[in-house]
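Read through the structure below, which is laid out as structure tokens, and then see the notes.
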Amino acid sequence: MSCKAAFIYSEQFQTYQFNPDHPFNQLRVAMTKDLLEKTGVLDTSQIVKPRLATEQELLLVHDKNYVNAVKKASNGTLSTAEGLPYGLGTEDTPMFTNMHQASSLLVGGTLTAVDQVLEGNVAHALNLGGGLHHGFKRKASGFCIYNDGAIAIKYIREKYNLRVLYVDTDAHHGDGVQSVFYDDPNVCTLSIHETGRYLFPGTGNANERGIKQGYGYSFNVPIDAFTEDESFLEVYQTALEEIAAYFQPDVIITQNGADAHCYDPLTHLSSTMATYEFIPKLAHEIAHTYCEGRWVALGGGGYDIWRVVPRAWSQIWSTMQQQQILTGNLPNEWIKKWHGSSPVTLPTTWHDDKTIYHPIPRKKEIEEKNRNVLDHALKFARNKQHFNLDHS
Amino acid sequence: MLVSDIMKTNVITLSPEATIAEALKLLNDHHIRHIPIVDQQNKVIGIVSDRDVRDASPSIFTNQKESETLHHQIQTIMSHPVVTIHPLDFVEEIAAIFYEEEFACLPVTRENKLIGIVTEKDMLYTLIQLTGTHVQSSQIEIKVPDQIGILPEVMAVLGKRKVNITSVLLYPNYKDPQYKIVVVRIQTMNPLPTIKDLRAANFEVLWPNLSMETDV
């Protein structure tokens, strides 16, 4: 089987940069594209240029005052005092020149991906510049200004009237997207993330299930620090399969943050590349089982941009485009091109060896705890399944 | 923090002449566990809990639908006198009452009139809010020597960066009484620069600490 897929890309993604020392670095998107090209799986004909999101589209999710504040910050006329209530000018989301345009382009990229898929040009589309899931209605946070995923879902609801399943495997809770659709029964959100006990943003408890009409359509599986591949994937597979069966989506949007890897400096999980090989594989299967293939994948977090993100994100494209993961050695030309700029030694193979982290002594306990949390999170979907079976 | 900051002011009450059946209905309809009984001047003269009402209800094993007992007046089963609290009482004092006594609800009165209610659940909720976990943040745990002036030193390090502090907790370190643990929640997704600053200032950061696992 071969599916048509679109790779949304522009050099201009690099303009979304807070400052040179900031951990959020879009160079990872350029590095991923380069890796895919040098591997020979990305052709120019598959690349689609992103458009800019219109202000109208930003307002699908964001408050007018907030957008105005971002615009002012963009040309340097927003004062510190004016910025702080909107989360602008903090350590996480400092102001920078042209931040409105840069952020609108990431949103436009995700909307381009949506249109590519829903107008039937391709089955799957990938916008690695997007996935900024911490953006709130009137607040920037966690390196995110505009929430492209949430805007895209609103856009799908209004323009195409489809039921959307949003799956977020970033190591941080997808709080911004969840908050926008917390009361919406036509949008189901699933976030699997490191427990908020220590990690930002702290939310994403299993008992956050939605409110009003949307009750039972928000799912959260907070997993323990030091969770490894097997447990991460057990949680992911069980949750995604059961929730897809329960919700019966028309289209799937995945947020593919690659910061659950043991190398990631900001989180405390112990995944390896095995996790990032399986995540797109199952998303692809689910998209074909329930959505006639309709799948939009986005980027997200990922702060080891040298050893982790390019490899992890390449597997999404490879899965979309040729339904198999890349194995063996990385192309030498890619390593040659980037090793000079990298502060760490670049990997030479697609797969990770298990020895890249120390054995986790509490492994069994962590697996048991994650299983308990998973059962708790899925309780509602399981009950509803029984209910539907009994009454159909 | 004062009782008036955490009390609920929308209190559901009954008169002493109301029936047990009415009480049962109120408890079920409003998902509450306690009903203060007030006289015509809104003075608290008794209180009933869901357990009191259940004790007076017929067993689920009897098939009596309309039991005689449910028509009794509520004052026949209410507890009294009632321990009440004042809106200016400290929340910490109320916590002590809950810990020592067998009940889980305290009516708040001013000049002998009912003006609010605090339950054990409200207390727990307040406690959770105080730890700051409901606000976007990252947690850092620091082990500090128990000595004068140490907290300002820690805070001075945190104050160097544009990071909002959501909450600060300071508690004794039972394993090593010469030290205390400071738990700070800061509003950032990237606590690394702050942690680096803390380590540079010779503070021992207990979490995040990735080498911890191998030390167990």
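These protein sequence lines map, in sequence, to chains A and B. No gaps in the numbering here: position 152 of the first sequence is 151 in numbering that gives the first Met the number 0, and each next residue is one more. No gaps in the numbering here: position 202 of the second sequence is 201 in numbering that gives the first Met the number 0, and each next residue is one more. Backbone N, C-alpha and C define an ideal beta-carbon position, used for all residues, glycine too.
> Can we say the segment 287-295 of chain A touches the segment 247-265 of chain A, given the rule of at least three CB pairs closer than 8 Å?
Replying inline: In short, these stretches touch, since the Cβ pair count reaches three.
> So is residue 118 of chain A buried or exposed if we call it buried at 16+ other beta carbons inside 10 Å?
Replying inline: It counts as exposed.
>> Determine whether the beta carbon atoms of residue 219 of chain A and residue 130 of chain A lie at a separation below 9 Å.
In response: Contact: no.
>> To be precise: take each residue of the segment 167-189 of chain B, compare its Cβ to all Cβ atoms of chain A, and keep it if any distance is under 7 Å. Which residues remain?
In response: Taking 7 Å as the Cβ-Cβ cut-off against chain A, the residues of the segment 167-189 of chain B that qualify are 187, 188, 189.
>> Would residue 141 of chain B and residue 97 of chain B be called neighbours here (beta carbons separated by less than 9 Å)?
In response: Against a cut-off of 9 Å, the Cβ pair of residue 97 of chain B and residue 141 of chain B comes out as no contact.
> If you check the beta carbons only, do residue 11 of chain B and residue 25 of chain B fall under 9 Å apart?
Replying inline: Taking 9 Å as the Cβ cut-off, residue 11 of chain B and residue 25 of chain B qualify as a contacting pair.
> Would residue 82 of chain B count as contacting chain A if we go by Cβ distances under 9 Å?
Replying inline: Output row for residue 82 of chain B: interface = no.
> Going along chain A in order, which residues have a C-beta closer than 9 Å to the C-beta of residue 57 of chain B?
Replying inline: Correct list: empty, because the minimum Cβ distance to chain A is about 30 Å.
>> The alpha helix (DSSP H) that contains residue 294 of chain A, what's its start and end?
In response: Where residue 294 of chain A is concerned, there is no enclosing alpha helix (DSSP H), although the beta strand (DSSP E) it sits in stretches over 294-297.
>> Does the structure place the segment 224-239 of chain A close enough to the segment 201-212 of chain A that three or more beta carbon pairs sit under 8 Å?
In response: No: the two stretches stay apart, fewer than three of their Cβ pairs being nearer than 8 Å.
> Using a Cβ-Cβ distance under 9 Å, would residue 18 of chain A count as near chain B?
Replying inline: By this cut-off, residue 18 of chain A is not an interface position.
> Can you find a C-beta in chain A that's less than 9 Å from the C-beta of residue 213 of chain B?
Replying inline: Only weak support is given to the placement of residue 213 of chain B: the predicted model assigns it a pLDDT of 38, under 50, and the question is left unresolved by the model.
>> I want to verify the contact list: residues of chain A whose CB lies under 9 Å from the CB of residue 132 of chain B, in sequence order.
In response: 195, 196, 201, 202, listed in chain order.
>> Rounded to whole angstroms, what is the Cα-Cα separation between residue 277 of chain A and residue 90 of chain B?
In response: For residue 277 of chain A and residue 90 of chain B, the distance between alpha carbons rounds to 51 Å.
> Where does residue 372 of chain A fall in DSSP's three states?
Replying inline: DSSP places residue 372 of chain A in helix when its eight states are reduced to three.
> Is it right to say residue 180 of chain A is buried, meaning 16 or more other beta carbons lie within 10 angstroms of its own, or is it exposed?
Replying inline: The residue in question, residue 180 of chain A, is buried, as its Cβ has 16 or more Cβ neighbours within 10 Å.
> How about residue 260 of chain A: is its C-beta nearer than 9 Å to some C-beta of chain B?
Replying inline: No, because no Cβ of chain B sits closer than 9 Å to the Cβ of residue 260 of chain A.
>> Quick check: residue 222 of chain A and residue 191 of chain A, are their CB atoms within less than 9 Å of each other?
In response: Between residue 222 of chain A and residue 191 of chain A, the CB-CB gap stays under 9 Å.
> So, are the CB atoms of residue 173 of chain A and residue 188 of chain A less than 9 Å apart?
Replying inline: In contact: residue 173 of chain A and residue 188 of chain A (Cβ atoms closer than 9 Å).
>> Within the continuous beta strand (DSSP E) that includes residue 142 of chain B, where are the two ends?
In response: In this chain, the beta strand (DSSP E) harbouring residue 142 of chain B covers 137-144.
> For the segment 124-156 of chain B, which residues have a beta carbon sitting closer than 9 Å to at least one beta carbon of chain A?
Replying inline: Shown in chain order are the members of the segment 124-156 of chain B whose Cβ falls below 9 Å from a Cβ of chain A: 131, 132, 133, 134, 135, 136, 137, 138, 139, 140.
>> Rounded to whole angstroms, what is the Cα-Cα separation between residue 148 of chain B and residue 153 of chain A?
In response: For the pair residue 148 of chain B and residue 153 of chain A, the Cα-to-Cα distance works out to about 52 Å.
> If contact means a Cβ-Cβ distance below 8 Å, which residues of the segment 126-150 of chain A contact chain B?
Replying inline: Within the segment 126-150 of chain A, 133, 140, 141, 142 place their CB atoms closer than 8 Å to a CB of chain B, listed in sequence order.
> residue 151 of chain B by DSSP, collapsed to three states: which one?
Replying inline: Looking at residue 151 of chain B - three-state DSSP - the assignment turns out to be helix.
> Which chain B residues sit within Cβ distance under 8 Å of residue 90 of chain A?
Replying inline: Neighbours of residue 90 of chain A across chain B, judged by C-beta separation under 8 Å: 160, 161, 162, 187, 189, 192.
>> Give me the subset of the segment 158-172 of chain A whose CB atoms are less than 8 Å from a CB atom of chain B, sorted by chain position.
In response: Answer set for the segment 158-172 of chain A: 171.
>> Let's see if you can read the secondary structure: which residues bound the alpha helix (DSSP H) around residue 99 of chain A?
In response: Residues 98-117.
> residue 124 of chain A by DSSP, collapsed to three states: which one?
Replying inline: Shown here, residue 124 of chain A sits in a strand according to DSSP, grouped into three states.
> If you drop the 5 nearest sequence neighbours on each side, which residues of the same chain put their C-beta closer than 7 Å to that of residue 159 of chain B?
Replying inline: Correct list, in chain order: 196.
> Would the beta-carbon of residue 392 of chain A fall within 9 Å of that of residue 96 of chain A?
Replying inline: Look at the range of chain A in this structure, 0 to 391, and you will see that residue 392 of chain A is not part of it.
>> Counting only beta-carbon separations shorter than 9 Å, does residue 15 of chain B have a partner in chain A?
In response: The Cβ of residue 15 of chain B sits no closer than 9 Å to any Cβ of chain A.
> Taking the alpha helix (DSSP H) that residue 59 of chain A falls in, what are its first and last residues?
Replying inline: No alpha helix (DSSP H) holds residue 59 of chain A; DSSP gives it neither H nor E.
> If the cut is a Cβ gap below 8 Å, which residues of chain B does residue 239 of chain A touch?
Replying inline: Those within 8 Å of residue 239 of chain A in chain B number zero; the least Cβ separation is about 25 Å.
> Do you know offhand how far residue 54 of chain A's Cα is from residue 134 of chain A's?
Replying inline: Using only the alpha carbons, I get a separation of about 16 Å.
> residue 87 of chain A lies in the alpha helix (DSSP H); which residues open and close that run?
Replying inline: Here residue 87 of chain A belongs to no alpha helix (DSSP H), and DSSP marks it neither H nor E.
> Exposed or buried, residue 381 of chain A, counting other C-beta atoms within 10 Å across all chains shown (16 or more means buried)?
Replying inline: Residue 381 of chain A should be labelled exposed.
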